[in-house]
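Read the structure below first, then the notes.
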Amino acid sequence: MKTHPLSKLSLSLCLSLGCASVALAATPQYSIVDLGVVSGDSDSQAFGASPNGSYVVGRSMGSQGHAYSWSAQDGMQALPNLAGRKYAVANAVNDAGIAVGVSSTTVFGSAPLPVMWKQGAVTALTMPLGYNSGWAYSINSAGVAVGAVGSGSFERAALFGPNGSSLITATAANGAWMSTAFGINDAGLVIGVGVDPDNAAVNVGMVYNSVTGVMSTVGALPGHNSAINFGLSNSGYVVGSSGLYQGSGTPFIWSAEGGMTEIGLPPNTSSGSASAVNEQGWVVGNAGGEYSVPFLYADGATYSLQSLLPAGTDWDFSTNTSASAMAISKNGSIVGTAVHNGLTHAYQMTLVSSVPEPESVILMLSGLGLLAATARRRREQTQA
-3 MKTHPLSKLS
7 LSLCLSLGCA
17 SVALAATPQY
27 SIVDLGVVSG
37 DSDSQAFGAS
47 PNGSYVVGRS
57 MGSQGHAYSW
67 SAQDGMQALP
77 NLAGRKYAVA
87 NAVNDAGIAV
97 GVSSTTVFGS
107 APLPVMWKQG
117 AVTALTMPLG
127 YNSGWAYSIN
137 SAGVAVGAVG
147 SGSFERAALF
157 GPNGSSLITA
167 TAANGAWMST
177 AFGINDAGLV
187 IGVGVDPDNA
197 AVNVGMVYNS
207 VTGVMSTVGA
217 LPGHNSAINF
227 GLSNSGYVVG
237 SSGLYQGSGT
247 PFIWSAEGGM
257 TEIGLPPNTS
267 SGSASAVNEQ
277 GWVVGNAGGE
287 YSVPFLYADG
297 ATYSLQSLLP
307 AGTDWDFSTN
317 TSASAMAISK
327 NGSIVGTAVH
337 NGLTHAYQMT
347 LVSSVPEPES
357 VILMLSGLGL
367 LAATARRRRE
377 QTQA
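Okay, so the sequence shown: first residue is -3 according to our numbering, each after it adds one.
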C-alpha cells in the first residue's frame, strides 16, 4: 500500500522531536446498504451515482425493467417509461437528481431511445437529424448529456443539450473519431472510445474538449495498443481499460499532467477495467478471473471490495459473476451490484474510515510541533 508522502515527514519529526510515532495510512473501511428493488421485482443493479453521493440510479428487474432513482431519504423509486415501452435503464444522475439513460421495447435493449428523467417526468432526448436510435450514458451539472446514436459502423458519439443535440465530429491528430461518449464533466470534457481509421481492430481512448472543440487521445499502456475510456472526474482524471487490440485489458488512470498509469489487479484475477473515478483520484472497477471481482484503487493500492467490508455482512463480492462496482462519489461512496443473501441487488457502500486528508495531516504535524516545542521549553526551564 502506498504511503502518503507526509507520513515519512511525520515519522522523521517524531523521531527528532521525541514524540510517539503516529500511523497515517490505513485500509479504507466501509459499511453497506442494500438498495432493494421496485415493488414486485426480484433483482436490481446500480449503474450510476451523483457526484455528491445523494442519488443512485440503475435498473430493477421483474416482469419488466424499471429504471429507478434511489436516495437515503426516499428509498428506491421507479422512474416512468415512455408510452408504449416496458423497459428502461438509468445510467447516470447529477447532484440535482436529473437522470439519463435508455428506453427500449425489450429487456435486451431493442429500439433504444436516449431519455432524461427530471422532476418525476420522462422525456425522449432529441437526436441529430437522420438518427432514430441512441443511448445516454452521462450527464453533468449543467444538464448536458452524452452518449451515442446510430448503430454498428454508423454509431457516433453525441451531445444532448438543453437546446438540442449534435454529433461529436472532431477528430484526433491521427484521424480517429469518437463512436461512443461515456462521460462528461462540469468543465465540458467528454470521454469515450473511438475508431482508428488505419486499423478498425484498435480501440482509441478519446478525450474531447467541447468548449475548444479539440479532440485528443490517452494512448495505451506499455505493450498495448488500445484503450477504452469509461470514467471521468470533475478534476480531469480519466479511467478505463487498455489492451492489445480488442483483447482482455488492464485498468488504468490517466490525467493530462501525469499521463497513463496502470492500476494493479486484485488477487486471483487476470484482467480488468476501471469504471469510474472521483475528484480525489479514487477508482472503482471490475476484475475478472473465475469470478467477477469489484475493486477500489485508492492512493496507489488496490483492494477487493469484499476485503473492505466487515465480516458477517452476508454480501458476496467474490464468488459470483454478477458483482460490479460502477460509480464512486467524491465522498468515497461506491455503488454497483452484488449478491446479498442469495439475491442479486444494488448496493451503496459508505466510507467510514480512511487515510487522513493532507490538510488533516498538516494540522496534525503542526500540533506535534507545538507539543514538542512546549516540551522543549519545559526541559530548558527545568535544567535552568
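Every residue gets a Cβ at the ideal spot worked out from N, C-alpha and C, and that includes glycine.
Small disclaimer: the values here were computed from a predicted structure and weren't measured.
Rounded to the nearest whole angstrom, the C-alpha separation of LEU125 and SER27 is 47 Å.
Secondary structure within the region 73 to 161: the beta strand (DSSP E) runs of 3 or more consecutive residues, fully enclosed, are 83 to 89, 95 to 100, 109 to 114, 117 to 120, 130 to 135, 141 to 145, 152 to 157 (chain order). In the DSSP assignment, ALA42 is bridged to GLY54. Spanning the alpha carbons of GLY277 and GLY296 requires a straight line of approximately 10 Å.
Distance from the CA of TYR127 to the CA of ASP310, rounded to the nearest whole angstrom, comes to 46 Å. If you compare the alpha carbons of SER35, SER129, MET174, GLN41 with that of MET211, the shortest gap goes to MET174. In the DSSP assignment, SER349 falls within the unbroken beta strand (DSSP E) covering 339 to 349.
Assignment of beta strand (DSSP E) within the region 195 to 258, counting only whole runs of 3 or more residues, yields 195 to 205, 210 to 213, 222 to 228, 234 to 239, 245 to 251, 255 to 258 in chain order. Of the other Cβ atoms in all chains shown, 16 or more fall within 10 Å of the Cβ of ALA132; this residue is therefore buried.
When the alpha-carbon of GLY157 is set against those of PRO110, ASN199, ARG55, ASN337, the nearest one is in PRO110. Excluding its 5 nearest sequence neighbours in each direction, PRO193 has C-beta neighbours in its own chain below 6 Å: GLY171, listed in chain order. Here the region 82 to 89 does not lie against the region 33 to 40, with fewer than 3 beta-carbon pairs under 8 Å apart. Assignment of LEU305 by DSSP, reduced to helix, strand and coil, places it in the coil class. Rounded to whole angstroms, ALA117 and GLY93 show a C-alpha spacing of 12 Å. As a beta-bridge residue in DSSP terms, TYR64 pairs with GLY54, ALA74. Per DSSP, PHE178 is one residue of the beta strand (DSSP E) stretching across 173 to 180. In the three-state reduction of the DSSP assignment, TYR26 falls in the strand class. Contact between ASP312 and ALA334 holds: CB atoms are separated by about 6 Å, below the 8 Å threshold. Annotation for VAL186: the continuous beta strand (DSSP E) segment containing it runs 185 to 192.
Residue burial is scored here from C-beta neighbours: GLY97 has at least 16 other C-beta atoms within 10 angstroms and is therefore classed as buried. Contact check for ASN221 against GLY236 fails: the beta carbons are separated by 9 Å or more. Burial of SER229 is indicated by the presence of at least 16 other C-beta atoms within 10 angstroms of its C-beta.
The shortest CA-to-CA distance from VAL52 to any of ASP30, PRO24, ALA169 is the one to ASP30.
Distance from the CA atom of GLY54 to the CA atom of THR346, rounded to whole angstroms, is 18 Å.
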